[in-house]
Every structure is written in C-alpha cells, then in structure tokens.
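Asker: Using my numbering, read the sequence shown as starting at -16 and increasing by one per residue. The beta-carbon is built from N, C-alpha and C at its ideal position, and this holds for glycine as well.
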Amino acid sequence: MEDCIFCKIVRGEIPSTVVYENDDVLAFEDINPMAPVHVVVIPKKHIATLMDVKGDEMGTMGSIVSAVQEVAKIKGIDEKGFRMVVNCNEEGGQLVFHLHIHVLGGKRLRDELD
Ligand code: AMP
Ligand code: ZN
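See below:
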C-alpha cells in the first residue's frame, strides 16, 4: 500500500516512536495523544478496517491482543487499567484506513463516546 500512512511507518519512511514490535505487529506512540498513555497497535500487513479481517488474519488479531498486553506492561498500566479501542469506518470515527487498535490509559477514563 504505497500511500498508506501506517504502511509508511512500518517501512520506516515516516518516523515513529516504537513502543513494541514483533514480526507481525508494530506499536507506536500516537502523534496526537488523547490520554497520558496513547499507543497505536497495528498489524504490519495492510488491512483496511476491522471488517476486512478474515481467514488467517484472525490469527493476527491474537498477535495484536498479545501485543496490547505487552504495551500495557511496558507502559505500566496493566494493573491500573486501560482501554482498547477500534474505530471502524466513517461513523466509528476511523480516519486512517489501516487497521489499528488504540491503547488508552494513564488516567481515569470517562465513559463518554463523543
Ligand atoms: P482513527 O481515528 O481511529 O483512524 O485514529 C487514527 C490515529 O492515528 C489518530 O489517533 C492519530 O493521532 C494517529 N496518527 C495519525 N498519524 C500518525 C502518525 N504519523 N504517527 C502516530 N500516530 C498517528
Ligand atoms: Zn497500510
């Protein structure tokens, strides 16, 4: 995916602050944090949205959950708690069409959705 911003981050063409990485998954600091801890976890393979996860990619979702656990430990929010958010498509507020999981924490998060 030539023009995808997160694919460019995977290829190192756009800088990012990497929090955790393995063969399948990359986690980096969100450029516009919405909480004291805000990390974006992505599959290295381009998948546009949550609705496009199919077949073998379901296994990648397991790798992503494992990476979220690692990120939570690295950031010291595993015990205190955090939120894992996926925005899907327009009404879900998705702006970058490369599947990503937001890991939010570091403060008491409120329940509002908007
Ligand atoms: P979403 O609205 O779920 O598509 O969220 C996209 C997220 O990607 C936002 O929280 C942005 O701040 C974040 N983002 C966009 N570009 C970058 C970048 N170059 N480095 C880190 N995070 C980014
Ligand atoms: Zn991509």
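Verify the contact flag: residue -13, CB atom, against every heavy atom of the ligand ZN, threshold strictly below 7 angstroms.
Answerer: Yes; taking the cut-off as 7 angstroms, the Cβ of residue -13 has a heavy atom of the ligand ZN nearer than that.
Asker: Kindly indicate the opening and closing residues of the alpha helix (DSSP H) around residue -6.
Answerer: Run containing residue -6: -12 to -6, per the alpha helix (DSSP H) assignment.
Asker: Cβ-heavy atom distance between residue 81 and the ligand ZN below 7 angstroms?
Answerer: Flag set: Cβ of residue 81 near the ligand ZN.
Asker: Please report the Cβ distance between residue 51 and residue 84, rounded to the nearest whole angstrom; I am assuming they are in contact, meaning their Cβ atoms lie under 8 angstroms.
Answerer: Rounded, the Cβ-Cβ distance is 6 angstroms, consistent with contact.
Asker: From this set, 60, 77 and 68, which residue's C-alpha is nearest residue 20's C-alpha?
Answerer: When each option's Cα is compared against that of residue 20, the closest is 60.
Asker: Counting along the chain, where does the alpha helix (DSSP H) carrying residue 45 start and finish?
Answerer: Here the alpha helix (DSSP H) through residue 45 covers 40 to 57.
Asker: Could you give the C-beta distance for residue 34 and residue 71, rounded to a whole number, given that I count them as a contact under 8 angstroms?
Answerer: Going by Cβ atoms, the distance from residue 34 to residue 71 rounds to 6 angstroms, so yes, they are a contact pair.
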